[in-house]
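This report concerns only the one structure given below.
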Amino acid sequence: MLFCVLLIGLLIQPVQAQSTVPYKAGFPDSEPYGSFFASPSVVDLNNDGNLEVLTADSTGCIWGWDHLGKELAGFPWKTGTVCDNDPRINSSLAIGDIDNDGKLEVVAGTRGSAATAGKRGKVFVFDYQGKIRSGWPREMAWANITNGNEPEFMSVTIANIVGDSRMEVIGITTNEAGSDTNYAPNLYAWSYNGATVTGFPTSSHKGSGAFGQVSAADINNDGFAEILMGRDELYFYAYNGKGQLLPGWPLQTYLDEAKRTWGKDKYIEYTRVAPAIGDLDNDGKQEIVFAGKVRDPLSNHEQTSSALLVVGADGKRKTGWSVGKTVGRPLKANYFTPNNPVALADFENDGKLEIVVTYDDGTIRAYKHDGTQLWSFNYTSGKKLYASEVAIGDVTGDGKVDIVFGTYSFDTTANTYVRLYALNTSGVNQAPYPLKFTYEPNSTNFKGISAGPTLADLDRDGKTEILAHSKGGVLYVWATPATYRLDRMPWPTARQNNYRNGKYTR
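Below is the structure:
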């Protein structure tokens, strides 16, 4: 009996604190160029039982490694001619079996090199061997009103929006008309073979461009996904699989639902947005969570803050959210700020989800489903830093989830201060974090992580690794002491999953 008690005690011992977190053998690797918002994808690409790492870089190339850190044969895959100066892949790769043949496809959206047809942003679909699938790539339309923008697919996702046995490829672009009368299509949906889904592409009724992340999830329990997105305006959109707006949408998002006078009252716009979808209060219905810029008409429409909202499938604000939850001013005015990305997780194991948001005022904040702020963590230490989307999972080995993210210097002045953090669910950093990025040989300018990290058991040894692709052009993999368990990985990568749809699944 005593032996059994001792054995049980040994089994439940917490992992001892470490002085640092070592790199996994074979990493880091400096083959890729820098990442913008492309998080590493961990998949069994060729269905051989081993996991591989794929990521996209700032020169339009896709890189791949095995679990030992060896570059995979046939990589990099190219969307242009060379991996040197071709236009970037801005967002994470979307990976899944889109044609239901048991094999994975890899989807990437690119920036164009010019505004002329043939040189605009495109969406590519590769098979698992790196061959571009028949019917692809598909190119975006361009209204030739740039406002300083490039013709680019800012993000992609895959989802079943028409209700058949296959998945559709969805992408959003920077195309804008610059007025409230011109048509500027910038939400696309294609079938697995590149055929345009009936009803797409769609345009904002104000002709505004889209610069953030697109989401897709079944929010009304009709059996297939709806598309959710923001544009560079005070409207937030939800579409069905026919390209039609859902009843009650788009949402005209004044900061205060009761104060809605244009030219007088503050409003929220979505130049950069990364919405999340989940059943926050465990009532069987999905909520949509999104954050955007707050602009003040009485201050020449200057961005004075950012704000968070939660609405139901009908577009109505949930209890506690009639006024958006605001934060401080952006650290840098008139700048192409981060996506205000949202992540969801159940911190308290009570069946209700907490919300974690990365803001451009130098904070990461957590909220309860009713809008109560739990904590705020300042990640800047007084420096000019922004932070990535968070990943949420156990990396310390205490059996509780952690909030993992990186910081990056947005003007190079804080390059030596970029770090990888791991907070507990009370918003407190945990030793030995933050970690330094010690290997940035390809970086001549920006350093750090703007793309969310990924948590995975890469080598299937039962332990959790942290993967991150830096702006300096390095793939980092840290070997943590934490036991890898799926039930402790509520938000393990950017946009929650390899589809990159922003959907939390219980």
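Residue numbers for the sequence shown, in mature numbering (1 follows the signal peptide of the UniProt record, and there is no 0): -17 to -1, 1 to 489.
A virtual CB, placed ideally from N, CA and C, is assigned to each residue, including glycine.
A quick note: this is a predicted structure, and the numbers were derived from the prediction, not measured.
field: Separation of residue 328 from residue -4, as counted between CA atoms
entry: Only weak support exists for where residue -4 lies, its pLDDT of 48 falling under 50; the value from the coordinates is given anyway. Those two C-alpha atoms are separated by around 22 angstroms.
task: Whole angstroms is fine: what's the gap from residue 394's alpha carbon to residue 320's?
output: 12 angstroms
- prompt: By DSSP, does residue 469 sit in helix, in strand, or in coil?
  reply: Residue 469 falls in the helix class under three-state DSSP.
- prompt: At a cut of 8 angstroms, does the region 91 to 111 reach the region 438 to 454 through at least three beta carbon pairs?
  reply: no
- prompt: residue 176: buried (16+ other C-beta within 10 angstroms of its C-beta) or exposed?
  reply: Burial call: exposed.
query: Among 228, 291, 239, which one has its Cα closest to the Cα of residue 259?
result: 291
query: Where does residue 35 land, buried or exposed, given buried means 16+ other C-beta within 10 angstroms?
result: buried
Nearest residue (CA-CA) to residue 17, options 52, 439, 479, 433: Residue 433 is the option with its Cα nearest to residue 17.
field: Under 8 angstroms between C-beta atoms of residue 195 and residue 73
entry: Their beta carbons are not under 8 angstroms apart, which means residue 195 does not touch residue 73 by this criterion.
Integer-rounded CB distance, given that residue 43 should sit under 8 angstroms from residue 69: The pair is a contact, with the Cβ atoms about 4 angstroms apart (cut-off 8 angstroms).
task: Examine the Cβ distances between the region 79 to 87 and the region 51 to 67 and report whether three or more of them are shorter than 8 angstroms.
output: no
- prompt: Of the residues 224, 235, 11, which one's Cα is nearest the Cα of residue 245?
  reply: 235
query: With 16 as the cutoff for other CB atoms within 10 Å, does residue 24 come out buried or exposed?
result: Buried.
- prompt: Considering only C-alpha positions, which residue in the set 116, 363, 111, 105 is nearest to residue 137?
  reply: Residue nearest to residue 137 within the set 116, 363, 111, 105 is 105 (criterion: CA-CA distance).
message: Using DSSP's beta-bridge definition, name the partner residues of residue 296.
response: In DSSP, residue 296 forms no bridge with anything.
- request: Any chance you could list the beta strand (DSSP E) runs of at least 3 consecutive residues sitting entirely within the region 82 to 114, in chain order?
  value: 88 to 92, 105 to 110
query: Using the beta-carbon count (16 or more within 10 Å), is residue 479 buried or exposed?
result: buried
task: Please check the pair residue 461 and residue 7, which I expect to be a contact at CB under 8 angstroms, by giving their CB distance rounded to whole angstroms.
output: 7 angstroms
message: Whole angstroms are fine: how far does the CA of residue 141 sit from the CA of residue 58?
response: 23 angstroms
task: Closer than 7 angstroms by C-beta to residue 482: which residues in its own chain qualify, once you throw out the five before and the five after it? Chain order, please.
output: So the qualifying residues of the chain are 77, 79, 140, 141, 142.
- prompt: With residue 249 and residue 277 assumed to form a contact (beta carbons below 8 angstroms), what rounded beta-carbon distance in angstroms separates them?
  reply: 5 angstroms
- request: For residue 308, count neighbouring Cβ atoms within 10 angstroms of its own Cβ and tell me buried if that reaches 16, exposed if not.
  value: Classified as buried, residue 308 has 16 or more neighbouring CB atoms from the shown chains inside 10 Å of its CB.
message: Using only the alpha-carbon positions, how far apart do residue 50 and residue 464 sit?
response: Taking the CA atoms as reference points, residue 50 sits about 17 angstroms from residue 464.
- prompt: Based on the DSSP secondary-structure assignment, which residues constitute the bridge partners of residue 361?
  reply: 346
task: Name, in chain order, the residues that DSSP records as bridge partners for residue 66.
output: Note: residue 66 sits in no beta bridge, so no partner.
- prompt: Roughly how many whole angstroms lie between the Cα atoms of residue 33 and residue 27?
  reply: Distance between the alpha carbons of residue 33 and residue 27 is about 6 angstroms.
task: Please name the residue, chosen from 3, 128, 447, 266, that lies closest to residue 334 on a Cα-to-Cα basis.
output: 266
Simplified DSSP state of residue 324, which is helix, strand or coil: In the three-state scheme derived from DSSP, where H, G and I count as helix and E and B as strand, residue 324 is classed as strand.
message: Below 8 angstroms on the Cβ atoms is my contact criterion, and I expect residue 197 with residue 272 to pass it. Report the Cβ-Cβ distance as a whole number of Å.
response: About 15 angstroms separates the two Cβ atoms, so there is no contact after all.
- prompt: Opposite residue 312 in the DSSP bridges: which residues?
  reply: Looking at the DSSP assignment, residue 312 forms no beta bridge with any residue, so it has no partner.
message: Here's the rule: buried if 16 or more other CB atoms are within 10 angstroms of the residue's CB, otherwise exposed. What is residue 112?
response: exposed
message: Assuming residue 218 and residue 230 are in contact, meaning their beta carbons sit under 8 angstroms apart, how far apart are those beta carbons, in whole angstroms?
response: Actually they do not touch by this definition, with Cβ atoms about 15 angstroms apart.
message: Tell me the DSSP secondary structure of residue 168 in three-state form.
response: strand
task: Assuming residue 185 and residue 170 form a contact by the criterion Cβ under 8 angstroms, report the distance between their Cβ atoms to the nearest whole angstrom.
output: 5 angstroms
query: Where does residue 22 land, buried or exposed, given buried means 16+ other C-beta within 10 angstroms?
result: Residue 22 is buried by the Cβ-count criterion.
- prompt: What is the rounded straight-line gap between the Cα of residue 388 and the Cα of residue 381?
  reply: 18 angstroms
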